[in-house]
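Student: Here it is, the structure, as structure tokens.
Protein chains in written order, with this note's numbering: chain F, 34 to 258; chain S, 73 to 513.
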């Protein structure tokens, strides 16, 4: 998939590009609004990651231009302004999602994947984890036909780890994804540990779950094929 | 408190009543004076005529020298009379007074001129009288007419005054309406008030200037908030991405990974600090809407459900006791959620194993109240007094929070006009109370 990263902060743009390249995306960079405008006019992109705070351009105008030119690219707005009205305006103009800086790269990836699933109407396949099967349609986890009774938060936590399988996720990345930003101050590494502990207890009651790993000093990882 | 319109109307009514009373009191008296003066002039004229007549034809035709030496005459309706008689009194008389006379058995009040003069060495007394009955009638009639007329005038002017003051004070009503809304710059009404009263125009202009200023400083504050957030969060964002990418490298050794994660943790603290300050600034500059309506009990149940695993892990019993539900209107649900979440979470963190945290809803003096009590260590009075001060709080020993959670709770409470109070007893526990505004009931 082709991604255009429109971001005047070159350091950030390069980090995003290097992360997405590792995920097999083709990345193009634009550091100014004019550059972005030219690139959008010439190339076809699947995704445009757009920083609204460009020095030379109102980021929202880029969305208007692209939509007018018939571009089918999906827009994900990334901004540090975080004002509610920007978000509403951006989504009104047809942006597909909105991420406030600073965001986790894995969160960006999961948003991109979610948008493209929505766009192409792709359902997540059921995922096999050892003896367990994660049914994404019903949002339920089964072990040899028996349902594992998970709370909504526990399911979300496991689901996020599974979507990013084979990557170590830090406690903060997990917390941010599940609890959002408004409770930021109460971020408590203990929160995630408690939920993982409960989750493990429930899993192990049915069957061992070696695929849910604790990576010492870093975070958690689901390793599965 | 009385409204200006009412005051003006009352004053108008009062001044009219006083004026009318004075009018009623003095006008008849003045009219009577004028009438008497006219009667007196008339009597004097008649006296002159009589004296002239006596000078021409002599006194004999009037005086019958035989008996009493008296002349008397009155007209049929007894409105006037004249009498002439010899008199023995020595002094000269020339005065006018009011006396009652009995004529044919009927007492009539007359205005009488008394006048003495000498003819042929004999002194005579001339009396000419005029009945006052007509004057008294006139007075009574005038009183009546005045009374009816004044009553009518008062009524009409009262109605017109009320209407008129209502119309001319209407701009003032609009201006004071604008003033009431001055604390919410988003709803400023900048349209000038229509009036040709110069005082109101200048008042309205001053008010609009003020609104422009408030609006400007509000916008500036908002801009500063936005700019600071952008300036601070962008470098944090760059650092974060770099560190996260490092952590994703496949060949990273565990020791380095650990150090990178620790750097990320520190960065997250910085991030959450900036976000907390932004949140406070945004709430204080009213950038959040209060347009939701929701059940507080449902919200508290959600919070309890969410925090229960944490409480269980600490072996703290977290329960809700709901005596009363409350539909909170004109509120921001996410903010109110955050506020209670922070306080309940704080209570759990400060409670030891086997302790209790209870969330209660109860009515108090007609207001809705929520109390969150814990059986934790409690605090001294000095600690309670700085509880909501930014960065001064560090209740818990697990140092992940930035010590700003309760300050945020306080700002959110203020934003919703909820009163927070804290009572704490060292060694026994702490109770946070939230009293909801009456207007939200």
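Think of the CB as a built atom: it goes at the ideal place given N, C-alpha and C, for glycine as much as any other residue.
#1: Between F:86, F:112, F:82, F:111, which lies nearest to residue 99 of chain F when the distance is taken from Cα to Cα?
#2: May I have the straight-line CA-CA distance separating residue 156 of chain S from residue 202 of chain S, to the nearest angstrom?
#3: Leaving out five residues before and five after residue 96 of chain S in sequence, what residues of the same chain have Cβ atoms less than 8 Å from its Cβ?
#4: So what's residue 307 of chain S in DSSP terms, helix, strand or just coil?
#5: Excluding the 5 residues flanking residue 336 of chain S on each side, which residues of the same chain have their C-beta closer than 8 Å to its C-beta?
#6: State whether the segment 76-90 of chain S contacts the segment 235-251 of chain F, with contact taken as three or more CB pairs (one from each stretch) at a distance under 8 Å.
#7: Specify, as a first and last residue, the run of the beta strand (DSSP E) that residue 142 of chain S falls within.
#8: In this structure, what does DSSP give as the bridge partners for residue 373 of chain S?
#9: Does any CB atom of chain F fall closer than 7 Å to the CB of residue 329 of chain S?
#10: Nearest to residue 113 of chain F by CA position, among S:233, S:299, S:253, S:241, is which residue?
#11: When Cβ atoms are compared, which residues of the segment 312-328 of chain S fall closer than 8 Å to chain F?
#12: Please classify residue 126 of chain F: does DSSP put it in a helix, a strand, or coil?
#13: Spatial neighbours of residue 419 of chain S within its chain, please: CB distance less than 6 Å, with the 5 preceding and 5 following residues excluded, ordered by chain position.
#14: Taking a cut of 7 Å between CB atoms, which residues from the segment 133-144 of chain F lie near chain S?
#15: CB-CB under 8 Å to residue 182 of chain F, same chain, minus the five flanking residues each way: which ones, in chain order?
#16: Could you work out which residue in S:485, S:500, S:237 is closest to residue 508 of chain S when comparing CA atoms only?
#17: How far does the alpha helix (DSSP H) with residue 124 of chain S in it extend, from its first residue to its last?
#18: Considering only DSSP beta bridges, list what residue 230 of chain F is partnered with.
#19: Which residue comes first and which comes last in the alpha helix (DSSP H) that contains residue 327 of chain S?
#20: Does the beta carbon of residue 236 of chain F come closer than 7 Å to any beta carbon on chain S?
#21: Can you tell which of S:107, S:134, S:439 has the C-alpha that lies nearest to the C-alpha of residue 122 of chain S?
#22: Let me make sure I understand the geometry here. Which of S:455, S:119, S:451, S:308 has the alpha-carbon closest to that of residue 342 of chain S?
#23: Do you know how far the Cα of residue 383 of chain S is from the Cα of residue 233 of chain F?
#24: In this structure, how does DSSP classify residue 417 of chain S when only helix, strand and coil are distinguished?
#25: For residue 486 of chain S, go through chain F and note every residue whose CB falls closer than 9 Å to its CB, in chain order.
#26: Strictly below 8 Å CB to CB, what residues from chain F border residue 333 of chain S?
#27: When the Cα of residue 200 of chain S is compared with those of S:209, S:379, S:293, S:166, which residue comes out closest?
#28: Closer than 8 Å is the cut-off here; do at least three beta carbon pairs connect the segment 134-146 of chain F with the segment 192-199 of chain F?
#29: Run the CB neighbour count on residue 291 of chain S, radius 10 Å, all protein chains shown included, and call it buried at 16 or more, exposed below.
#30: Against residue 296 of chain S, what residues of chain F qualify as contacts under a CB-to-CB distance less than 7 Å, listed in chain order?
#31: Does the Cβ of residue 142 of chain S have 16 or more other Cβ atoms within 10 Å, making it buried, or fewer, making it exposed?
#32: On the three-state DSSP scale, how would you describe residue 411 of chain S?
#33: Counting only beta-carbon atoms, is residue 287 of chain S nearer than 7 Å to chain F?
#34: Among the residues of its own chain, which have a CB less than 8 Å from the CB of residue 199 of chain F, if the five just before and after it don't count?
#35: How is residue 439 of chain S classed by DSSP in three states: helix, strand or coil?
#36: Hey, residue 11 of chain F and residue 146 of chain F: beta-carbon distance below 7 Å or not?
Tutor: Once the coordinates are examined:
#1: Considering only alpha carbons, the answer is F:82.
#2: Rounded to whole angstroms, residue 156 of chain S to residue 202 of chain S spans 15 Å at the Cα level.
#3: So the qualifying residues of the chain are 215, 218, 219, 222.
#4: Helix.
#5: The beta carbon of residue 336 of chain S sits closer than 8 Å to the beta carbons of 312, 315, 316, 319 from its chain, once the five residues preceding and following it are set aside; these are given in chain order.
#6: Short answer: they don't touch.
#7: In this chain, the beta strand (DSSP E) harbouring residue 142 of chain S covers 142-146.
#8: The partner list for residue 373 of chain S (beta bridge, DSSP) is empty, contrary to what the question assumes.
#9: For residue 329 of chain S, the answer is yes, since a Cβ of chain F falls inside 7 Å of its Cβ.
#10: Looking at S:233, S:299, S:253, S:241, the one whose alpha-carbon comes closest to that of residue 113 of chain F is S:299.
#11: Taking 8 Å as the Cβ-Cβ cut-off, the segment 312-328 of chain S approaches chain F at 312, 313, 314, 316, 317, 319, 320, 326, given in chain order.
#12: If DSSP states are grouped into helix, strand and coil, residue 126 of chain F belongs with coil.
#13: Cβ neighbours of residue 419 of chain S beyond the five flanking positions: 429, 444, 446.
#14: Flagged, chain order: 134, 135, 137, 138.
#15: Excluding positions up to five away in sequence, the list reads 235.
#16: For residue 508 of chain S, the nearest C-alpha among the options comes from S:485.
#17: Residue 124 of chain S -> alpha helix (DSSP H) spans 76-129.
#18: Partner residues in a beta bridge of residue 230 of chain F, as assigned by DSSP, do not exist.
#19: Secondary structure note for residue 327 of chain S: its alpha helix (DSSP H) is the uninterrupted segment 326-356.
#20: Using a CB distance cut-off of 7 Å, residue 236 of chain F does not count as an interface residue toward chain S.
#21: Residue 122 of chain S has its Cα closest to that of S:134, out of S:107, S:134, S:439.
#22: Out of S:455, S:119, S:451, S:308, S:308 has the C-alpha closest to the C-alpha of residue 342 of chain S.
#23: Those two C-alpha atoms are separated by around 18 Å.
#24: Residue state for residue 417 of chain S is assigned as helix, using DSSP reduced to three classes.
#25: Correct list: empty, because the minimum Cβ distance to chain F is about 17 Å.
#26: In chain order: 203, 250, 251, 252.
#27: Taking residue 200 of chain S as reference, the option from S:209, S:379, S:293, S:166 with the minimal CA-CA separation is S:166.
#28: Counting C-beta pairs closer than 8 Å gives three or more between the segment 134-146 of chain F and the segment 192-199 of chain F, which meets the contact rule.
#29: Burial call: exposed.
#30: Using a Cβ-Cβ cut-off of 7 Å, residue 296 of chain S is close to nothing in chain F; its nearest Cβ partner there is about 12 Å away.
#31: Classification of residue 142 of chain S: exposed, given that the 10 Å Cβ count is below 16.
#32: Correct three-state label for residue 411 of chain S: helix.
#33: No, because no Cβ of chain F sits closer than 7 Å to the Cβ of residue 287 of chain S.
#34: Its chain contains 254, 255, 256, 257 as the residues whose beta carbon lies nearer than 8 Å to that of residue 199 of chain F, once the 5 sequence neighbours on both sides are disregarded; these appear in chain order.
#35: If DSSP states are grouped into helix, strand and coil, residue 439 of chain S belongs with the strands.
#36: Nothing about residue 11 of chain F can be reported from this structure: the residues present for chain F run from 34 to 258 only.
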